[in-house]
Structures are given as structure tokens and as C-alpha cells.
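Asks:
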Amino acid sequence: MHGNFRTCECSGSVNFPTVLFIDVHLSRIAVTYDPDTAHPSLVVSEDGKQVSFCERNRNVPNQPSRFSDALNVLAKEGFSSGKFYYEVQVKGKTQWDLGVSYESINREGRLKLTPRNGFWTMWLRNGQFTANAGPAVRVPVRNKPEKIGVFVDYDKGLVSFYNVEARARIYTFDQCKFTKKIVPFFCPCASDGGITFMRLCDMCVGSLVILTALQVRRV
């Protein structure tokens, strides 16, 4: 995405309590990649937890659900209400896109990742973190994340991104007016010297701490 940038002035830090408590209303369904949506150059593992870029297009069915040009893949699981949270391993990657989108987004041609077009995403390019807010927002990140957590409150219109190891909020889309089913959205990007795969993570202690802060601070 090209165009004017503005800089995020928020610190993105969150205070975390020492006692862990999981919001019982938060959906913790195990998120998996949907191979039927994956671009032909992306390979989804059998367990649905890892997606990798390959140099050549695979021989896969040409179907409306599949991204034809952009190196994207959606999750199988979607949501039309409530809250959910997922984490992605990005250690060693030099570029990636992730967040959420409407399930009904266009899968053909070049995509402009903006909320107006049904995308609430961040990406990493050339060491720079950007929230694709339309216009794009350059987000200063002190410690490069190895794992990104994404929290969504559908009913309150919030999408927040977290550096799990640093236990810090990176950026929040607020006042999102969701009107349709949303799904986790990913792009592992092509090879540029970094790791070419993205792996979805199981819940861990870091996850529980993030969820505690979400419950207490209502992020």
C-alpha cells in the first residue's frame, strides 16, 4: 500500500496484573489456516497451524474462495459477535501482514488493505511496522516482536495488536463498525532473506497475561 503516512503517537504500553484471570466470555477457539483460501504459492500444513511460501504455484483447484494474486490466506474460523484472540509466531520474519478482514472480501487482483475495504491489519516491511488504517500509520515498536497477539471485540468495534513477549500493546483500531462476519487474515509474504512461514500459536502464559490485561483495562 502506498500513500501518505502518519506516525502513531501512543506508547502502546499496558500495565499487567500479577494474578492471571481469563475472561470467560472470550472465545479461545483454536484458529487454523483455511487451505481453500490460500494463494497457490502458499502451503498450509496438515494440522492447519502453519502456512509457508513456495517459489512455484501449486496445482490447486481454481475456486472463488482462493486468493488469485495476493499471497494471502484466511482462517477457517469466523466471528459475528463477541471477543476472540489469537497469536502468530513471526520470529525471524522480515515481512508479514496479519489482522482480520471480512469473510466476504474480494479474493482477486491487488488488494488495498484498509478498513473501508474490510481489512483491519498491520504489516512489517523494511523493519517498519505499519497499521493499515487508511491513511497508513507508522507505529514505533521498541522491541521487535517474536510473537504477535491479535484481540478482537466485535461488539465494541476494537482490533488490538500486542507484542506478546514484551506484554505491550502495539496498536488498536477503534470505533470499527463491523457489519459482517470477520475472520483472521494473514500474509506470510515472499522470501526476502527471512523465514518464509507463519505459525499459529497455542495459548501460553504470555497469552493469559495479555487476556488478563484485556479484562482489566477493557482495551
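If you want the numbering used here, it's the position in the sequence shown, counting the first as 1, plus 41.
For every residue, glycine included, the Cβ atom is placed at its ideal position computed from N, Cα and C.
Below 8 Å, can you find three or more Cβ-Cβ pairs linking the segment 121-133 to the segment 149-162?
Replies: no
Asks: Considering only the alpha carbon of each residue, which of Lys197, Ser201 and Val182 lies closest to Val191?
Replies: Looking up residue 191 in the sequence shown gives position 150. Closest by alpha carbon: Ser201.
Asks: According to DSSP, is Arg157 part of a helix, a strand, or is it coil?
Replies: To locate residue 157, count along the sequence shown from 1; it is residue 116. The answer is helix: DSSP assigns Arg157 an H, G or I state.
Asks: Less than 8 Å between the beta carbons of Leu112 and Leu83, yes or no?
Replies: For the purposes of this step, residue 112 is taken as the residue at position 71 of the sequence shown. For the purposes of this step, residue 83 is taken as the residue at position 42 of the sequence shown. For Leu112 and Leu83, yes; Cβs fall inside 8 Å.
Asks: Any idea if Cys95 is buried or exposed, counting beta-carbon neighbours within 10 angstroms, 16 or more meaning buried?
Replies: The sequence position of residue 95 within the sequence shown is 54, counting from 1. Counting Cβ neighbours within 10 Å, Cys95 comes out exposed, since fewer than 16 surround it.
Asks: Spatial neighbours of Thr78 within its chain, please: CB distance less than 8 Å, with the 5 preceding and 5 following residues excluded, ordered by chain position.
Replies: To locate residue 78, count along the sequence shown from 1; it is residue 37. Ser106, Arg107, Phe108, Asn113, Val114, Leu115 and Arg148, listed in sequence order.
Asks: Going by C-alpha distance, which of Leu199, Ala174 and Tyr212 is nearest Pro186?
Replies: Reading the sequence shown from its first residue, position 145 is the one you call residue 186. Per the Cα distances, Tyr212.
Asks: Identify which residue in Asn158, Ala177 and Phe160 has its Cα closest to the Cα of Arg166.
Replies: Here residue 166 is taken as the residue at index 125 of the sequence shown, counted from 1. Measuring from the Cα of Arg166, the nearest candidate turns out to be Ala177.
Asks: Below 8 Å on the Cβ atoms is my contact criterion, and I expect Phe226 with Val129 to pass it. Report the Cβ-Cβ distance as a whole number of Å.
Replies: Position 185 of the sequence shown, counted from the start, is the residue given in the question as residue 226. Position 88 of the sequence shown, counted from the start, is the residue given in the question as residue 129. Wrong, their Cβ atoms sit about 11 Å apart, outside the cutoff.
Asks: Going residue by residue through the segment 193-223, where are the continuous beta strand (DSSP E) segments of at least 3 residues, counting only ones entirely within it?
Replies: With a minimum length of 3 residues, the continuous beta strand (DSSP E) runs that stay inside the segment 193-223 are 199-204 and 209-214.
Asks: So, is Val193 buried or exposed, given that buried needs 16 or more other C-beta atoms within 10 angstroms?
Replies: Along the sequence shown, one-based indexing puts residue 193 at 152. Buried: at least 16 other Cβ atoms inside 10 Å.
Asks: Can you check DSSP and say which residues form a bridge with Asp138?
Replies: Translated into the one-based positions of the sequence shown, residue 138 becomes position 97. For Asp138, which the question treats as bridged, DSSP gives the partners Trp164 and Cys228.
Asks: For the beta strand (DSSP E) containing Gln130, list its first residue and its last residue.
Replies: Along the sequence shown, one-based indexing puts residue 130 at 89. That run of the beta strand (DSSP E) goes Lys124 to Gln130.
Asks: Pick out whichever of Cys217, Lys90 and Ala231 has its Cα sitting closest to the Cα of Asn158.
Replies: Locating residue 158 in the sequence shown gives position 117, where the first residue counts as 1. Measuring C-alpha to C-alpha distances from Asn158 to each of Cys217, Lys90 and Ala231 identifies Cys217 as the nearest.
Asks: From Cys230 to Lys197, what does the alpha carbon distance come to, in whole angstroms?
Replies: Looking up residue 230 in the sequence shown gives position 189. Looking up residue 197 in the sequence shown gives position 156. Their Cα atoms are separated by approximately 31 Å.
Asks: Taking all protein chains shown into account, decide if Thr162 is buried (16 or more other Cβ within 10 angstroms of its Cβ) or exposed.
Replies: Translated into the one-based positions of the sequence shown, residue 162 becomes position 121. That one is buried.
Asks: Just the Cα atoms here: how many angstroms apart are Lys117 and Met239?
Replies: Your numbering for residue 117 matches position 76 in the sequence shown. Your numbering for residue 239 matches position 198 in the sequence shown. One C-alpha to the other measures close to 16 Å.
Asks: Taking DSSP as the reference, what is the three-state secondary structure of Ile236?
Replies: Position 195 of the sequence shown, counted from the start, is the residue given in the question as residue 236. When secondary structure is reduced to three states using DSSP, Ile236 falls in the coil class, being assigned neither helix nor strand.
Asks: According to the neighbour-count rule (16 or more other Cβ atoms, all chains shown, within 10 Å of its Cβ), is Leu241 buried or exposed?
Replies: Within the sequence shown, residue 241 is the residue found at index 200, counting from 1. Within 10 angstroms of the beta-carbon of Leu241 lie 16 or more other beta-carbons, which makes it buried.
Asks: From the DSSP output, in three-state form, read off Lys90 for me.
Replies: Residue 90 sits at position 49 when you count from the first residue of the sequence shown. Here Lys90 sits in coil by DSSP.
Asks: Cβ atoms of Val180 and Thr171: under 8 Å apart, would you say?
Replies: In the sequence shown, residue 171 corresponds to position 130, counting from 1. In the sequence shown, residue 180 corresponds to position 139, counting from 1. Yes.
Asks: To the nearest angstrom, how far is the alpha carbon of Asp110 from that of Lys134?
Replies: Here residue 110 refers to the residue found at position 69 of the sequence shown. Here residue 134 refers to the residue found at position 93 of the sequence shown. Each residue's alpha carbon lies about 21 Å from the other.
Asks: According to DSSP, is Thr171 helix, strand or coil?
Replies: Here residue 171 refers to the residue found at position 130 when the sequence shown is read from its first residue. Thr171: strand per DSSP, three-state reduction.
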